[in-house]
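Undergrad: Sharing a structure below in structure tokens format, with a few things to ask.
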Amino acid sequence: MHAMEQGSVQEHGRSRKLSKIWVINERVRVGLAESLSTYVMMVFGLGSVAQVVTGRGAFGEYLSVNLGFGLGVAMGMHIGGRVSGAHMNAAVSFSMCLFGRLGWRMLPVYILCQLIGSFLAAGTIYSLYYDAIYHYCGGNLTVSGPKATAGIFATYPAPYLSLPAGFLDQVIGTAMLLLCLMALSDQRNQPAPSGSEPIAVGLLVLLIGVSLGSNSGYAINPSRDLGPRIFTAIAGWGPEVFRAGNGWWWVPVLAPMVGGVTGASIYKVFVELHHPSPCEHRREIEDEAEEESMNSVWLPG
């Protein structure tokens, strides 16, 4: 009995020691959570696209893709929200660093782990829908044309869209994302209620998709686009994934970075900078309470 108790204590000690090792290593802990969050979001998002494309509309339509990514974002936030913040988006991470909400030393960790998560998600969906993809395209993996399948994994512009217009499309879409994210997290304004943040952000992504998504698939996320694009280049679609759309690939990488900073800056300049100081805010509350008290004195009855 004594030996069992001693073994239990030793096992508990080893468990606590291992736990401390991982907790102390912040980059590993944050990186694992960010990779898994991004992976979950992308599996659901890319899976919804694969189902719509290979099913020829029998298993969903454009709205299905928007719902898949929106709900995927919500689930990803539940996975790593309290550990890494579940950015799942290099534009979000970059903007948070620029506004002092994330240390610059963590930016490479976030971006690398997001790319790993999205790359692995692309591989998962490719494996899961391998037969469906080859049945749909007859074994001819193309980037453009009536049986194109590269768009399952990365975004490509509509035929009518020029590069400047596409760049603006991505800037505005990501600006709306960050502007609203700043509002949803602003505790001195009208933030999302505690615990409801994942569904609020998921609904925001859904809203962007149904309103701003038709021009180029609303990547609004360098990590979402680049990782799967690299995967498709390796998996059989070849270098055409970087040449298509007049070399479109760099637009969903760079434009969201510009748009993210733009949207966050707009919210800060128009709203956040004009919040009263804590002392002024407290004084306003006290004045309102005093006014209500005075009014109640004069109320009849």
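For what it's worth, numbering that gives the first Met the number 0 labels the leading residue of the sequence shown as 0, then goes sequentially.
Positions of the beta carbon are idealized from the N, C-alpha and C atoms, including for glycine.
(1) Thinking C-alpha only, which one of Met40, Ser213 and Ile233 is nearest Leu70?
(2) Sorted by chain position, which residues of the same chain lie with C-beta nearer than 6 Å to Val270's C-beta, five sequence neighbours on each side aside?
(3) Ignore the nearest five residues each way along the sequence and tell me which others in Ala254's own chain have a CB closer than 6 Å to its CB.
(4) Since Met256 contacts Ala85 with CB under 8 Å, what's their CB separation in whole angstroms?
(5) Taking the alpha-carbon positions, what's the Gly237 to Arg228 distance?
(6) What are the start and end residues of the alpha helix (DSSP H) that includes Gly56?
(7) Exposed or buried, Gln113, counting other C-beta atoms within 10 Å across all chains shown (16 or more means buried)?
(8) Using a Cβ-Cβ cutoff of less than 8 Å, which residues in the same chain neighbour Leu66 once the five nearest sequence positions on both sides are dropped?
(9) State the DSSP-derived secondary structure class of Met95, mapped to helix, strand or coil.
(10) For Ser295, I'd like the list of residues in its chain whose CB is within less than 7 Å of its CB, leaving aside the five on either flank, ordered along the chain.
(11) Taking the C-alpha atoms as reference points, what is the distance between Gly138 and Ala157?
(12) What are the start and end residues of the alpha helix (DSSP H) that includes Arg81?
(13) How long is the line joining the alpha carbons of Tyr217 and Thr173, rounded to whole angstroms?
(14) I'd like to know whether the C-beta atoms of Ala263 and Ser94 end up nearer to each other than 8 Å.
(15) Can you tell me the Cβ-Cβ gap for Ser161 and Met87, rounded? I've got them flagged as a contact below 8 Å.
(16) How should Ser92 be labelled, buried or exposed, when 16 other C-beta atoms within 10 angstroms of its C-beta is the threshold for buried?
(17) Evaluate Asn220 with the Cβ neighbour count: other Cβ atoms within 10 Å of its Cβ, from every protein chain shown; 16 or more gives buried, anything less gives exposed.
(18) Let's test the definition: count the other Cβ atoms within 10 Å of the Cβ of Asp130 and tell me whether it reaches 16, buried, or not, exposed.
(19) Roughly how many angstroms separate the alpha carbons of Glu239 and Gly122, rounded to a whole number?
(20) Measuring only the C-alpha atoms, how far is Arg104 from Leu111?
(21) Below 8 Å on the Cβ atoms is my guess for Leu178 versus Tyr266; work out the distance and round it to an integer in Å.
(22) Is the Cβ of Pro251 closer than 8 Å to any Cβ of chain C?
TA: Short version:
(1) Met40
(2) none
(3) Phe166, Gln169 and Val170
(4) At roughly 19 Å, the Cβ-Cβ gap does not stay under 8 Å, so Met256 and Ala85 are not in contact.
(5) 10 Å
(6) Where Gly56 is concerned, there is no enclosing alpha helix (DSSP H), given that its DSSP letter is neither H nor E.
(7) buried
(8) Ser47 and Leu205
(9) Three-state result, Met95: helix.
(10) Only weak support exists for where Ser295 lies, its pLDDT of 48 falling under 50; the coordinates are left without a value.
(11) Using only the alpha carbons, I get a separation of about 24 Å.
(12) Here Arg81 belongs to no alpha helix (DSSP H), and DSSP marks it neither H nor E.
(13) 9 Å
(14) yes
(15) At roughly 29 Å, the Cβ-Cβ gap does not stay under 8 Å, so Ser161 and Met87 are not in contact.
(16) The residue in question, Ser92, is buried, as its Cβ has 16 or more Cβ neighbours within 10 Å.
(17) buried
(18) exposed
(19) 18 Å
(20) Cα to Cα, the separation comes out at about 12 Å.
(21) 5 Å
(22) Looking for chain C here will not work: only one protein chain is present.
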